[in-house]
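K.L.:
Chains as they are written, first to last, in my numbering: chain A, 16 to 293; chain B, 2 to 228.
(1) Answer with buried or exposed for residue 49/A, where buried requires no fewer than 16 other C-beta atoms within 10 angstroms of its C-beta.
(2) Can you tell me which of the three DSSP states residue 24/B falls into?
(3) According to DSSP, is residue 52/A part of a helix, a strand, or is it coil?
(4) Quick one: does residue 293/A have its CB under 8 Å from some CB of chain B?
(5) Output yes or no for whether 8 Å exceeds the beta carbon distance between residue 182/A and residue 65/B.
(6) Closest Cβ-Cβ distance between residue 276/A and chain B: below 8 Å?
(7) State the beta-bridge partners of residue 92/A as determined by DSSP.
(8) Run through chain B and tell me which residues come within less than 9 Å of residue 160/A, C-beta to C-beta.
(9) Give me the subset of the stretch 165-187 of chain B whose CB atoms are less than 8 Å from a CB atom of chain A, sorted by chain position.
(10) Would DSSP call residue 90/B helix, strand or coil?
(11) Just confirm the distance between the C-beta atoms of residue 190/B and residue 259/A, as a whole number of angstroms; I'd bet it's less than 8 Å.
(12) Quick check: is the beta carbon of residue 215/B nearer than 8 Å to any beta carbon in chain A?
(13) By how many angstroms is the C-alpha of residue 225/B removed from the C-alpha of residue 229/A?
(14) Which two residues bound the contiguous alpha helix (DSSP H) that contains residue 47/B?
(15) Relative to the C-alpha of residue 280/A, which residue among 215/B, 72/B, 222/B, 46/B is closest?
(16) Roughly how many angstroms lie between the CA atoms of residue 205/B and residue 220/B, to the nearest whole one?
(17) With H, G and I counted as helix, E and B as strand and the rest as coil, what does DSSP make of residue 269/A?
(18) Under 8 Å Cβ-Cβ, which residues of chain A neighbour residue 65/B?
(19) Pick out whichever of 224/A, 64/A, 191/A, 68/A has its Cα sitting closest to the Cα of residue 253/A.
(20) I need the straight-line Cα distance from residue 167/A to residue 173/A, nearest angstrom please.
(21) Since residue 135/A and residue 95/A are thought to touch, with beta carbons under 8 Å apart, how far apart are those beta carbons, to the nearest angstrom?
(22) Measure the alpha-carbon distance for residue 69/A versus residue 199/A and round it to whole angstroms.
(23) So does the stretch 71-86 of chain B actually touch the stretch 10-26 of chain B, counting three or more Cβ pairs closer than 8 Å?
(24) Using a Cβ-Cβ distance cut-off of 8 Å, determine whether residue 197/A contacts chain B.
(25) Report the start-end ranges of each alpha helix (DSSP H) in the stretch 91-131 of chain A that is 4 residues or longer and not cut off at the edges.
(26) Assign residue 55/B to buried or exposed, taking buried as 16 or more other Cβ atoms, counted over all protein chains shown, within 10 Å of its Cβ.
(27) Which residue marks the beginning of the alpha helix (DSSP H) containing residue 274/A, and which one marks its end?
(28) Cβ of residue 220/A within 8 Å of Cβ of residue 153/A?
(29) Does residue 205/A pass the burial test, meaning 16 or more other C-beta atoms within 10 Å, or should it be called exposed?
(30) Hey, out of 175/B, 211/B, 134/B, whose CA is closest to residue 79/A's CA?
(31) Can you give the Cα-Cα distance for residue 198/B and residue 267/A, rounded to whole angstroms?
(32) How many Å lie between residue 162/B and residue 33/B at the Cα?
(33) List the endpoints of the continuous alpha helix (DSSP H) containing residue 202/B.
Below, the structure written as structure tokens:
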């Protein structure tokens, strides 16, 4: 155990995280939010994830440093679940270095919360997730079937997801307490901006194609009339997109006051009542 | 729908509900995947995909951000897909009531996640003395307990939703006389407006973002005109 500790602590600048320890941490990180709560938020999950690395502290699992470090790591923590990997790697490195006083480690943990939360939310929840969803909707609009659409989405999304977690863990481990600088990497800094543009373009492209495929050839009187127009067989789609645009503009204007899905629920309820009542 | 089918869907709902937050957040719980899986289980993957596309467009605005309370689309999509593939009447009416069932389930699911988080908080508070001495077994126990509770939540929610909604949906479809084409058109307009406004709210702040949207829309419409 002492050899393992010496190996881990000796030259972490050049030595990568041992594969088995890294693999254990990675698998545990997938469950980092399992005990998410309003008091400690991700705290217990961070302790759970970093624990395999702490086993290399002097005295191993029975040692005082191990218990003290694990207790510290289960305190309050909040960040984006994928980018929490950066914190896990950095905290593992800082704990194993043993050069930082406990109070400073606590401050370091708290200081990581804000940046890892906001960068992750912008990059993943507001960027990568809608981007991959819209790629899948576009594939559907272009005629892809029930195997290709979900598989395309899952492969694309998780390529980014897994890569981000691995990058985070390695970066955190490599830089330790100086990890904040690595958050200025071009992907994290400019990625959300490029993804936002791609999301906008894909949304404009995917919605007409997906809507047309859902509608197929409609026999609504208005669709039959519209088909005679210059817009051709998909005239109904253009008409519905115009209506959707009006409702969409209203939802954008009411942003922060009304959730779109609640409005959708209300309309679906009214439609269902109308269907049953007539 | 037989009891064994409800249990099979509930098991799927449990695992997909778990994916939403607890483990592994690989987005298998997104409607476009979850509903297709439910459709496959019920005998028609393409029907599941159709329901999934509708729900995905409505779920696009939901960001699973930390402490916020949001609809839970994982189990809801299983319920929506299952209701649609197990229909007994008109397909479009079934789609309408499947969407309604899924959205109500998503609402209740969001509330159930809030309850689970409060429960996790209570368990963590109770375990504080052990956590303060760095007890690894308690840390693992809290994580596993959270996973087990979330699995149970998804299972119970899906089973109850299906047990309640399958007969109600069958009655509603039998009573429904709405025009199928109109229902489908309204559903498309609603879903497209939610998806479009969601993308706009997420991305309009980007440089030239609106122009990218207009460019994409022009290309999409041009492709339809050439069709």
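Glycine included, C-beta positions come from ideal geometry on N, C-alpha and C. These figures come from a predicted structure and were not determined experimentally.
P.N.:
According to the structure shown:
(1) It counts as buried.
(2) Three-state result, residue 24/B: coil.
(3) Three-state DSSP puts residue 52/A in a strand.
(4) Yes, because at least one Cβ of chain B sits closer than 8 Å to the Cβ of residue 293/A.
(5) Taking 8 Å as the Cβ cut-off, residue 182/A and residue 65/B do not qualify as a contacting pair.
(6) Output row for residue 276/A: interface = yes.
(7) DSSP lists 56/A as partners of residue 92/A.
(8) Residues of chain B whose Cβ lies closer than 9 Å to the Cβ of residue 160/A are, in chain order, 46, 47, 50.
(9) Within the stretch 165-187 of chain B, the residues whose Cβ lies closer than 8 Å to any Cβ of chain A are, in chain order, 173, 176, 177, 178, 179, 180, 182, 183, 184, 185, 186, 187.
(10) If DSSP states are grouped into helix, strand and coil, residue 90/B belongs with coil.
(11) Right, the Cβ-Cβ distance comes to about 5 Å (below 8 Å), so this counts as a contact.
(12) At least one chain A Cβ lies under 8 Å of residue 215/B.
(13) Distance between the alpha carbons of residue 229/A and residue 225/B: 13 Å.
(14) For residue 47/B, the enclosing alpha helix (DSSP H) covers residues 46-60.
(15) Ranking the options by Cα distance to residue 280/A, first place goes to 72/B.
(16) In this structure, the alpha-carbon of residue 205/B lies about 19 Å from that of residue 220/B.
(17) In this structure, residue 269/A counts as coil in the three-state DSSP scheme.
(18) Chain-ordered, the chain A residues with CB closer than 8 Å to the CB of residue 65/B read 140.
(19) When each option's Cα is compared against that of residue 253/A, the closest is 224/A.
(20) Straight-line Cα distance between these residues: approximately 10 Å.
(21) Indeed, because the Cβ distance is near 2 Å, the residues count as touching under 8 Å.
(22) Straight-line measurement puts the Cα of residue 199/A at about 28 Å from the Cα of residue 69/A.
(23) Contact between the stretch 71-86 of chain B and the stretch 10-26 of chain B is present, because at least three Cβ pairs lie under 8 Å.
(24) Not closer than 8 Å to any Cβ of chain B, the Cβ of residue 197/A fails to qualify, so no.
(25) Along the stretch 91-131 of chain A, the alpha helix (DSSP H) occurs as fully enclosed runs of 4 or more residues at 99-112, listed in sequence order.
(26) So residue 55/B counts as buried.
(27) No alpha helix (DSSP H) contains residue 274/A, which DSSP labels as neither H nor E.
(28) Cβ distance < 8 Å, so residue 220/A and residue 153/A count as in contact.
(29) With fewer than 16 other Cβ atoms from the protein chains shown falling within 10 Å of its own Cβ, residue 205/A counts as exposed.
(30) For the residues 175/B, 211/B, 134/B, the minimum Cα distance to residue 79/A belongs to 134/B.
(31) Using only the alpha carbons, I get a separation of about 6 Å.
(32) Going from the Cα of residue 162/B to the Cα of residue 33/B covers about 20 Å.
(33) First-last of the alpha helix (DSSP H) with residue 202/B: 181-204.
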